[in-house]
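K.L.:
Numbering (full-length UniProt numbering), first residue to last: 1 to 163.
Before we start, here is the structure in question, set down as structure tokens.
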């Protein structure tokens, strides 16, 4: 296994000490594995907040994109309803309107489609997420929240659009 693959695997698994060791040896915190996945993306997808925080503190891009269609740490955190990770990534300047490559969906659209946290939706909106962005299928965040019956998220989006 190459060093980059090991680094990304450590991030995926939440092995903070392994990550720190490899960073101290000079590995780039934006390294990707052979499949093109970034350490920060996989750490975020698996809810490893301490790893994400450390990677950001070492210069990892909060907007790192990969070959994966759901391609950013913020999109994964929003999809999973992980408010703490969303707040952390936003505080490091993550682009709240970044769209994934496959479906042209933003973190807000993913958060509304999965409906796991109204607070994540509020945080993204407060950070400047554009609720009018349409995905590859023509859906907005509101359309998806309504479709899946996420009433509280629908209410928040309607209130936001009336401001």
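By construction, the Cβ of each residue, glycine as well, lies at the ideal position given by its N, Cα and C atoms.
Quick check: the Cα distance between residue 19 and residue 25, rounded to an integer number of angstroms?
P.N.:
Taking the first residue of the chain shown as 1, we reach residue 19 at position 19. Taking the first residue of the chain shown as 1, we reach residue 25 at position 25. Those two C-alpha atoms are separated by around 10 Å.
K.L.:
Specify the secondary structure class of residue 117 as computed by DSSP and reduced to three states.
P.N.:
Residue 117 sits at position 117 when you count from the first residue of the chain shown. Here residue 117 sits in coil by DSSP.
K.L.:
With H, G and I counted as helix, E and B as strand and the rest as coil, what does DSSP make of residue 38?
P.N.:
The sequence position of residue 38 within the chain shown is 38, counting from 1. Residue state, collapsed to three classes: strand.
K.L.:
Can you list, in chain order, the residues of its chain whose CB lies under 6 Å from that of residue 90, leaving out five sequence neighbours each side?
P.N.:
As a first step, residue 90 is located in the chain shown; it is residue number 90 there, counting from the start. Only 127 meet the Cβ criterion.
K.L.:
Between 75, 161, 99, which has its C-alpha nearest residue 134's C-alpha?
P.N.:
Position 134 of the chain shown, counting from 1, holds the residue named residue 134. Nearest option by C-alpha distance: 99.
K.L.:
Measure the C-alpha to C-alpha separation of residue 110 and residue 60 and round it to an integer number of angstroms.
P.N.:
The count along the chain shown starts at 1 and reaches residue 110 at position 110. The count along the chain shown starts at 1 and reaches residue 60 at position 60. Looking at the backbone, the Cα of residue 110 and that of residue 60 are separated by about 23 Å.
K.L.:
What does the alpha-carbon distance come out to for the pair residue 45 and residue 73?
P.N.:
Translated into the one-based positions of the chain shown, residue 45 becomes position 45. Translated into the one-based positions of the chain shown, residue 73 becomes position 73. In a straight line, the C-alpha of residue 45 is about 7 Å away from that of residue 73.
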